[in-house]
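Colleague: In the UniProt record's numbering, the protein residues as written are 1 to 319.
Glycine included, every Cβ here is placed at the ideal spot set by N, Cα and C.
Keep in mind it's a predicted model, so treat the numbers as computed, not measured.
(1) Following the continuous beta strand (DSSP E) through residue 171, name the residue where it begins and the one where it ends.
(2) With distance defined between alpha-carbon atoms, name the residue in 94, 270 and 65 nearest to residue 139.
(3) Kindly confirm or deny that the region 162 to 174 and the region 126 to 138 touch, where touching means at least three C-beta pairs closer than 8 Å.
(4) Does the Cβ of residue 295 have 16 or more other Cβ atoms within 10 Å, making it buried, or fewer, making it exposed?
(5) Just confirm the distance between the C-beta atoms of residue 71 and residue 114, as a whole number of angstroms; I'd bet it's less than 8 Å.
(6) At which residue ranges does the region 16 to 52 contain complete alpha helix (DSSP H) runs of 4 or more residues, listed in the order of the chain?
(7) Whose C-beta lies closer than 8 Å to the C-beta of residue 180 among residues of the same chain, with five residues either side of it excluded?
(8) Under 7 Å, do residue 214 and residue 248 count as touching if we go by C-beta distance?
(9) Would you kindly report the start and end of the unbroken alpha helix (DSSP H) that includes residue 136?
(10) Note down, in chain order, each residue of its chain lying with its Cβ closer than 6 Å to the Cβ of residue 40, except the 5 sequence neighbours on either side.
(11) Out of 221, 19, 62 and 123, point me to the one whose CA is closest to residue 45's CA.
(12) Determine, using beta carbons only, whether residue 10 and residue 21 come nearer to each other than 7 Å.
(13) Ignoring anything shorter than 3 residues or poking outside the region 236 to 281, list the beta strand (DSSP E) runs there in chain order.
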């Protein structure tokens, strides 16, 4: 018997990350019929494993016959992925990502898969790449055609992209999230922080103070890091127990995000709000950091953005 999803299914959207994948079944009007997640990200797969991993996630949605369009963004199109979808060079139109899509080999006749490309910046001294985030940026443009402004996509590798009327002329990547994890869990700070949650909800003041400290004196960042360990050993004003680690974690997060913001320089315009796209908690942390330095911002949901971007590319595919 054909499932209720298969009866209405028009196409499938997939965001394939390094650690997991997310998929959505959509009807012809763009309504989400079903969602699926899987821990089978790019890092756990060989090129020959992708079709089986995809079918594990979406197989129950497929009809018995006929071909279904499956549009994929993210790491499945990386060089180590299913098949490489070459980066599009800047400047790049966000409503034209479909131009660089490639089709990987598949055995199941019901699958018509296309992998979207990422973006690359080849300017001397500013080489950079993104893969997956460009689709979230496209989702912003889908909702706000002609958008211009600065966009931040916080994460393990935070992206800062300038958009001018739907075109990306430049972007910058900061490994802030990865750096935090390395420092908290693999440096001497692991004895003070480890896996403590850096959420600013529990220690807003410590976070804000650290953002301002690092932003005003980025050259002192390394010294400030050791200061966290020294404070743990010597500062009698620090709380005890879990609150102690949480405060130090908030400080480390603030120092690291403050350094990131200092590096942006004049790219941050005090008159124009920054658009943040991604996880709500992480976006809230960046919004607070920006606010503490006098910059306005707004937060957009990351899942909604990637789905809107995939939908924009699918519309181009059908045109």
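Modeller: In this structure, then:
(1) 167 to 174
(2) 94
(3) Result yes; three or more Cβ-Cβ pairs closer than 8 Å.
(4) buried
(5) 6 Å
(6) Here no run is fully enclosed.
(7) 198, 252, 253 and 256
(8) no
(9) Annotation for residue 136: the continuous alpha helix (DSSP H) segment containing it runs 133 to 143.
(10) If you ignore the 5 residues before and after residue 40, its C-beta comes within less than 6 Å of the C-beta of 53, all in its own chain and listed in chain order.
(11) 19
(12) No; because the gap between Cβ atoms is not below 7 Å, this pair is not in contact.
(13) 274 to 278
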